[in-house]
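Visitor: Below is one structure. I have some questions about it.
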Amino acid sequence: MNAQQQSPRRRLAGFDKLIALFALLVALFTSPLASAANYTDIWWNSAESGWGVTLTHHNDKLFGVWYIYDSAGKPYWVVMSDGVFSNEGRTFTGSIHTTRGPSYREAIFRSQNVSTRQVGTAKIDFDADEENATATYTIDGMTSTKRITRQAYGIAPTNFGVDHSDMWWDDKESGWGLSVSHHGDNIFAVWYTYGEDGKPLWVVMPGGVLNGNTFTGTMYTTTGSPYMAGFDAKQTQVTPVGTAKITFNGTQGLFESDFKGFQQFKQIKRLAFGKESSNKKPTIQLAATAGASPLVAPATVTLKATAADSDGTVSKVSFFQGCNMIGADSAAPYEFTVSNLPAGKYYFSARVSDDKGGTALASTQMIEVKSGTGGGTPGGGGGGGSGTNKAPTVSITAPVANAQFAQGASITIVATAADSDGTVAKVEFLAGATKVGEALASPWQVTWSAVPAGAYSLTAVATDDKGATKTSSAISVTVIPPAIVVDAATKDAARFLTQATFGIKSIAEIDALKSQGYEGWLNQQFALGWSSHVGYVDLRVAVNEKPDEERAYEAIWQQWLLDNGQLRARMAFALSEIFVISNIAPDLDTYAMASYMDMLNKNAFGNYRQLLEDVTLHPAMGYYLNMIGSKKADPAKGTHPNENFAREVMQLFSIGLYKLNADGTRVIEGGLPVNTYDQTVIGGMAAAFTGWNFAGNDTSNAAIFNPAKENWRDPMVAWEMWHDTNAKTIFNGIVIPAGGNARGDMKAVLDALANHPNVGPFVGRELIQRFVTSNPSPAYIGRVAAAFNNNGSGVRGDLRATLRAVLMDPEARDVNKAATDPTFGKQREPVIRFANFLRGLNATSPSGRNKIWYLDSADEGLNQSPLLSPSVFNFFSPNYRQPGPLSAANLVAPEFQITTETSMVGGLNFFSKLVKNGSYGSGDTKLTMNLAELNALANTPGALADRLSLLFMNGMMSEGLRSTIVSTLGAMPAMKTNDTTVTDRVRAALILVSLSPDFVIQK
1 MNAQQQSPRR RLAGFDKLIA LFALLVALFT SPLASAANYT DIWWNSAESG
51 WGVTLTHHND KLFGVWYIYD SAGKPYWVVM SDGVFSNEGR TFTGSIHTTR
101 GPSYREAIFR SQNVSTRQVG TAKIDFDADE ENATATYTID GMTSTKRITR
151 QAYGIAPTNF GVDHSDMWWD DKESGWGLSV SHHGDNIFAV WYTYGEDGKP
201 LWVVMPGGVL NGNTFTGTMY TTTGSPYMAG FDAKQTQVTP VGTAKITFNG
251 TQGLFESDFK GFQQFKQIKR LAFGKESSNK KPTIQLAATA GASPLVAPAT
301 VTLKATAADS DGTVSKVSFF QGCNMIGADS AAPYEFTVSN LPAGKYYFSA
351 RVSDDKGGTA LASTQMIEVK SGTGGGTPGG GGGGGSGTNK APTVSITAPV
401 ANAQFAQGAS ITIVATAADS DGTVAKVEFL AGATKVGEAL ASPWQVTWSA
451 VPAGAYSLTA VATDDKGATK TSSAISVTVI PPAIVVDAAT KDAARFLTQA
501 TFGIKSIAEI DALKSQGYEG WLNQQFALGW SSHVGYVDLR VAVNEKPDEE
551 RAYEAIWQQW LLDNGQLRAR MAFALSEIFV ISNIAPDLDT YAMASYMDML
601 NKNAFGNYRQ LLEDVTLHPA MGYYLNMIGS KKADPAKGTH PNENFAREVM
651 QLFSIGLYKL NADGTRVIEG GLPVNTYDQT VIGGMAAAFT GWNFAGNDTS
701 NAAIFNPAKE NWRDPMVAWE MWHDTNAKTI FNGIVIPAGG NARGDMKAVL
751 DALANHPNVG PFVGRELIQR FVTSNPSPAY IGRVAAAFNN NGSGVRGDLR
801 ATLRAVLMDP EARDVNKAAT DPTFGKQREP VIRFANFLRG LNATSPSGRN
851 KIWYLDSADE GLNQSPLLSP SVFNFFSPNY RQPGPLSAAN LVAPEFQITT
901 ETSMVGGLNF FSKLVKNGSY GSGDTKLTMN LAELNALANT PGALADRLSL
951 LFMNGMMSEG LRSTIVSTLG AMPAMKTNDT TVTDRVRAAL ILVSLSPDFV
1001 IQK
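Here the sequence shown is numbered in UniProt numbering, starting from 1 and rising by one per residue.
So this is what it looks like as structure tokens:
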């Protein structure tokens, strides 16, 4: 590989400050002259290989990058992001900037850390032939004048179907980008980024393999002569540093790189700029004619162009062989003759220029010249030769349709061919538009070696002895890449986010967590607040919406889908499944539900004792479990306090039914578990909780105690005349003395509950089940209980310390255990799976809101919806045993309690409809999934499966599911970029993911 081949070309994909400046200048300069011949290309000086200028030309603007070397000879780039055309579109002048920014190794590129500095000016004067120019530029006071010319490579100056030449960038990570120059069958790309010191760094991909819309190549770094010194070719040194792949999908793309062992995936898009000229482009058609058929060396070919300009005149037509201009004609008829062509294939094209600088390219014409007698017709042949010659017949017999191969395999392609009035001269084999080989004699077969991953359409083209051709029917095959080897650290980072959030939004989140560390992430999450649910309802009321219960559900999903404080949101949801209220029998007020969720969010990282009191006094809980309005006993009337809350605060909220050891195992005496309480205790507890009702009422007026005026926002208050002041015996023989008031007795009971030895293992186990695994080991429970009992500073009940222990326990973080222990893991709750999909696919609505309301239908929804559990016992019991092998193995499976035949069919239909529609809801709250990132991978089913595995399965997709996805997509119709087949493939993969055990079961 010579130095020229490494010559990098770069176009800066815009950093915020430069783009803002650039946009302003675009608005200011509106010269109609700027529709000049398109100068997008790599420009260099062949005598000084190793540096150059990449120009991107959009209408009236140029965007240029000089890729050069700093004073130490290291890669350095400067950008010309603004300027103006003059001299009838032949001269462009602008300012030059240099930048500093985040290292390519940083998981998240933060544009706010990009700094820019103007270092000089530049002027480029283009020659009339549009192939050469003079560049004069000043950098930090050093002025250079260089002759530059377009760099020629590839087989043709025009491209097959689509031209990927442009600046490509990520507008969410403004400050780095890719310059892409596309010539026919090849691409030359430059990645402009920053080194570990924050200084500009360019990495070049000087050609590679262009297969359809996917380009792969080797990356190199280069050192050379400092820009302020004379050029010395001996100083140019090229070093391979990794590999890269660019997948194009219209104006979107995906850039995958492995740079010195550092791997990353970046979404990219074309950068739009410039103002379209009012000048209409000229038109041109090209014909290549030969004096004989078949065409035999030495051959003569005449190129004839038909050119016109609707709003001006044609100034000239330039003719090209490959990428080299071979002639021009400034007057009609526009012709050029090429003589003495030896045997081979030749690609000719032409470009027309009008009087205002507008240009257009003619389609490339291929001419094949034969040695001696035989086939070959201008344009590559079609269905026959001369006279009555009949075309041959051809069909592919191997491989069979929809066959699958492993990446790197050799594929033997076999065809049968015949010619009824002559002989078959050759059979060419193509994958798409790419020729993979040819056979000159029977058997008609070739071996296609080291085939890269992808979906291919194979055809065979037979040519007879008189030059007539015939193309076979296409055969689809799929080459499956090996699964991306995801290291243990990446898998566990993905697992951590799956456990601690409502779903991974992007691969960048995983990279950021690895960079930040788990403790750093936890501390950041602990510091974040939440979006008030009451505030959301108030806001909707302020714009004249009714405070219906649906507003409360919307507020919950707003937090789940949008809040940065994902850990708090998950913890609040987990607490809502322990301290259960439900809008099913009895109906709850909208503000009751909204304020209850706010209360859980407030206490999510607080102390259990305070949480227990806030739950006890919340009017929603008081109403749901009948503590509101509960009066002291009246022997004369035969009434007694309501016992609902008294029972459930023990059984479900704190200590459970049986005494526990520190590791959560039951205390056994006489072969039996030991009860924590009995009916006598329930009676004493009920008496302790008497005398409470809604706040905001006159608590001295006994007559309004029941019913009291509702107040769903504030904690309940006591009416002392209705409180039982007798002595009360509760659990563990504790006696609350007579004569106490309502608040004092309540606090005494809650203090006793919070200090009961059962609370740590009881609450700890349930939190482990909500976040990590259904069947934690006793040791795991014991470690979490120990953190609950003492946070390290002598504080009991610290939920922050408890949750940290749940997520950071060795069992939670053991990737091998997750992969190999069949008893580890849990079913992902249906609503969490739904949230995972919406977050992972970046579903958004025009209004930024949602209308996710009732998902609790088993046959049409998810059999689960927040605050809509069928009873205080939640949607499922923490001790539920699924009949069959799980129960026989003494394993619990809580979420399987809502997994019925009906709910399974309903859930399958729910997710299938979600994926098919690509959205949820309607109107301005319609949540539409953004499939752009996945669409970019649609042509490589293996890569698509691997991306879905990392997003939704922590990089642990089973080989069976992966194979199913790849084979299913490979059997679908050949993908085209201009119809729905791209999204059809992605949706097919998503349906398979959503219905798979790999997604349903969290490991």
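Glycine included, each C-beta is placed from N, C-alpha and C at the ideal position.
Look at the alpha carbon of residue 210 and the alpha carbon of residue 246, and state the distance between them as a whole number of angstroms.
Guide: Using only the alpha carbons, I get a separation of about 9 Å.
Visitor: Work out the CA separation of residue 53 and residue 89 for me, nearest whole Å.
Guide: So the alpha carbons of these two residues sit roughly 19 Å apart.
Visitor: Compare the beta carbon distance of residue 619 and residue 716 with 7 Å and say whether it is the shorter of the two.
Guide: Cβ atoms of residue 619 and residue 716: closer than 7 Å.
Visitor: Can you tell me whether residue 262 is buried or exposed? The criterion is at least 16 other CB atoms within 10 Å of its CB, across all chains shown.
Guide: Classification for residue 262: exposed.
Visitor: Would you mind working out which of 106, 907, 758, 139 sits nearest residue 995, comparing C-alpha positions?
Guide: Ranking 106, 907, 758, 139 by Cα distance to residue 995 puts 907 first.
Visitor: Give the DSSP-derived three-state secondary structure of residue 188 in the structure shown.
Guide: Strand, per DSSP.
Visitor: Using DSSP with H/G/I as helix, E/B as strand and the rest coil, what is residue 744?
Guide: Helix, per DSSP.
Visitor: Please return the same chain residues whose Cβ sits closer than 7 Å to the Cβ of residue 310, not counting the five positions on each side in sequence.
Guide: Within the same chain, residue 310 has close Cβ partners 280.
Visitor: Considering only the alpha carbon of each residue, which of 859, 201, 400 lies closest to residue 477?
Guide: Checked all of 859, 201, 400; the closest Cα to residue 477 is 400.
Visitor: Can you check DSSP and say which residues form a bridge with residue 1083?
Guide: Outside the displayed span of the chain (1 to 1003) sits residue 1083, for which this structure offers no information.
Visitor: How would you write the range of the alpha helix (DSSP H) that residue 137 sits in, first residue to last?
Guide: Residue 137 -> not in any alpha helix (DSSP H); beta strand (DSSP E) instead, spanning 132-139.
Visitor: Is the beta carbon of residue 735 less than 7 Å from the beta carbon of residue 748?
Guide: No, Cβ-Cβ distance for residue 735 and residue 748 is not below 7 Å.
Visitor: For the beta strand (DSSP E) containing residue 97, name the first residue and the last one.
Guide: 91-100 is the extent of the beta strand (DSSP E) around residue 97.
Visitor: Short of 6 Å in beta carbon distance, which residues of its chain neighbour residue 770, apart from the five on each side in sequence? Order them along the chain.
Guide: Result list for residue 770: 574, in chain order.
Visitor: Taking DSSP as the reference, what is the three-state secondary structure of residue 119?
Guide: Three-state DSSP puts residue 119 in a strand.
Visitor: Compute the beta-carbon to beta-carbon distance between residue 689 and residue 629, rounded to the nearest angstrom, for a pair I have assumed lies under 8 Å.
Guide: About 11 Å; that fails the 8 Å criterion.
Visitor: Taking the alpha carbon of residue 882 as the reference point, which residue from 870, 175, 895 has its own alpha carbon closest?
Guide: Among 870, 175, 895, the Cα nearest to that of residue 882 is on 895.
Visitor: Between the C-alpha atoms of residue 989 and residue 887, what's the straight-line distance to the nearest angstrom?
Guide: Cα to Cα, residue 989 sits roughly 33 Å from residue 887.
Visitor: So, using beta-carbon positions, are residue 447 and residue 412 closer together than 7 Å?
Guide: Result yes, Cβ atoms of residue 447 and residue 412 sit closer than 7 Å.
Visitor: Looking at the secondary structure, which residues open and close the beta strand (DSSP E) in which residue 836 lies?
Guide: Segment 830-840 is the alpha helix (DSSP H) holding residue 836; no beta strand (DSSP E) there.
Visitor: Are the beta-carbon atoms of residue 205 and residue 244 separated by less than 7 Å?
Guide: Yes, the Cβ-Cβ distance between residue 205 and residue 244 is below 7 Å.
Visitor: On a Cα-Cα basis, can you pick out the residue from 357, 352, 333, 322 that is closest to residue 345?
Guide: It is 322 whose Cα lies nearest to the Cα of residue 345.
Visitor: Cα separation between residue 944 and residue 934?
Guide: Between residue 944 and residue 934, the C-alpha separation is close to 7 Å.
Visitor: For residue 229, which three-state DSSP category applies?
Guide: Coil, per DSSP.
Visitor: May I ask you to list the residues that DSSP assigns as paired with residue 341?
Guide: According to DSSP, residue 341 bridges with 299.
Visitor: Would you list the residues sitting across from residue 993 in a DSSP beta bridge?
Guide: DSSP output for residue 993 lists no bridge partner at all.
Visitor: Going by DSSP, what residue range makes up the alpha helix (DSSP H) through residue 761?
Guide: Residue 761 -> alpha helix (DSSP H) spans 759-771.
Visitor: Between which two residues does the alpha helix (DSSP H) carrying residue 177 extend?
Guide: Premise fails: residue 177 lies in the beta strand (DSSP E), 177-183, not in any alpha helix (DSSP H).
Visitor: Give the DSSP bridge partners of residue 76, in chain order.
Guide: Answer is 68.
Visitor: Please classify residue 852: does DSSP put it in a helix, a strand, or coil?
Guide: Coil.
Visitor: Which of the three DSSP states is assigned to residue 382 in this structure?
Guide: Low per-residue confidence applies at residue 382: pLDDT is 37, beneath 50, and the placement is therefore not dependable enough to give any value.
Visitor: Quick one: what does DSSP say residue 219 is sitting in, helix, strand or coil?
Guide: Strand.
Visitor: In chain order, what residues of the same chain lie with their CB nearer than 7 Å to the CB of residue 472, ignoring the 5 residues before and after it?
Guide: Here the set comprises 394, 395, 396, 415, 459, 460.
Visitor: Looking only at C-alpha atoms, which of 701, 221, 51, 288 sits nearest to residue 229?
Guide: Ranking 701, 221, 51, 288 by Cα distance to residue 229 puts 51 first.
Visitor: Would you mind sorting residue 12 into buried or exposed? The rule is 16 or more other CB atoms within 10 Å of its CB.
Guide: Residue placement at residue 12 is flagged as unreliable, the pLDDT there being 28, under the threshold of 50; the coordinate-derived value follows with that caveat. Label assigned to residue 12: buried.
Visitor: Would you report the Cα separation of residue 199 and residue 74, rounded to the nearest angstrom?
Guide: Near 10 Å, if we compare the C-alpha coordinates of residue 74 and residue 199.
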